[in-house]
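Asker: In our numbering, the protein residues as written are 44 to 230. Input: one structure, supplied below.
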């Protein structure tokens with residue numbers, strides 16, 4: 044799925060008369076993505092991962108066949124809904140997520156927040172999650188301005204960089220000198 048979105052480069056290249064350049068860029072991204080996936084597969088650890096956040100009283104979790112689930116799998120990690128067959132978000136209550144999230148090591152795509160304190164102001168229930176207190180929480184706020192978030196712009200095309208971020212989060216020893224592009228660990 045992530046590479047399917049990046050393939051839109053080829054469509055726009057054709058429309059704009061830059062087909063050769065677009066095909067070349069896509070091939071570079073595709074090669075990089077598969078190379079990164081192979082590096083991630085070399086690790087023996089497979090951390091458990093929770094994704095997204097609540098809006099109101101509903102947690103929108105990516106289905107097991109979504110791009111987010113694919114990124115997590117390609118990063119050699121276990122997504123809590125990896126066995127789900129939906130290619131869209133699933134709605135769950137906090138209690139349902141809480142019941143599934145006991146052994147979670149990482150919480151990713153936790154909105155565009157800058158701190159855990161900010162998250163608690165929106166939803167104090169987050170403090171009850173073990174991962175909130177003992178794990179690591181990451182938002183996609185590293186390249187956010189007051190008017191835009193580059194995760195939703197260049198991140199769609201540069202799925203290789205998004206994958207590298209996930210790998211760095213779950214397996215930091217694989218890329219010790221790499222600085223996250225889109226994600227930020229929340230203090």
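Beta carbons are placed, not taken as given, at the ideal position from N, Cα and C, and that holds for glycine. Small disclaimer: the values here were computed from a predicted structure and weren't measured.
Can you tell me which of the three DSSP states residue 228 falls into?
Answerer: Here the question's residue 228 lines up with position 185 in the chain shown. Of the three classes helix, strand and coil, the one that applies to residue 228 here is strand, per DSSP.
Asker: Please identify the residue among 145, 107, 227 whose C-alpha is closest to the C-alpha of residue 159.
Answerer: Against the chain shown, residue 159 aligns to sequence position 116. Per the Cα distances, 227.
Asker: Along the chain, where does the beta strand (DSSP E) containing residue 182 start, and where does it finish?
Answerer: The residue given as residue 182 occupies position 139 in the chain shown. Run containing residue 182: 179-182, per the beta strand (DSSP E) assignment.
Asker: Kindly give me the distance between the Cβ atoms of residue 147 and residue 119, rounded to whole angstroms, as I take these residues to be in contact under 8 Å.
Answerer: Counting from one through the chain shown, the residue named residue 147 turns up at place 104. Counting from one through the chain shown, the residue named residue 119 turns up at place 76. Their Cβ separation, rounded to whole angstroms, is 16 Å, which puts residue 147 and residue 119 out of contact at 8 Å.
Asker: What did DSSP end up calling residue 149 once you bin it into helix, strand or coil?
Answerer: Locating residue 149 in the chain shown gives position 106, where the first residue counts as 1. Strand.
Asker: With respect to the beta strand (DSSP E) encompassing residue 132, which residues constitute its N-terminal and C-terminal limits?
Answerer: Translated into the one-based positions of the chain shown, residue 132 becomes position 89. Residue 132 -> beta strand (DSSP E) spans 132-135.
Asker: Residue 169 lies in the alpha helix (DSSP H); which residues open and close that run?
Answerer: Residue mapping note: residue 169 aligns to position 126 of the chain shown, counting from 1. Counting along the chain, residue 169 falls outside any alpha helix (DSSP H), and DSSP gives it neither H nor E.
Asker: Measuring only the C-alpha atoms, how far is residue 111 from residue 68?
Answerer: Residue numbering aside, residue 111 sits at position 68 when the chain shown is read from its first letter. Residue numbering aside, residue 68 sits at position 25 when the chain shown is read from its first letter. The straight-line gap from Cα to Cα measures roughly 22 Å.
Asker: Can you look up residue 120 in the DSSP assignment and give me helix, strand or coil?
Answerer: Taking the chain shown and counting its residues from 1, the one referred to as residue 120 is at position 77. Residue 120 falls in the coil class under three-state DSSP.
Asker: How is residue 192 classed by DSSP in three states: helix, strand or coil?
Answerer: Stepping through the chain shown from its first residue, residue 192 is reached at position 149. DSSP places residue 192 in strand when its eight states are reduced to three.
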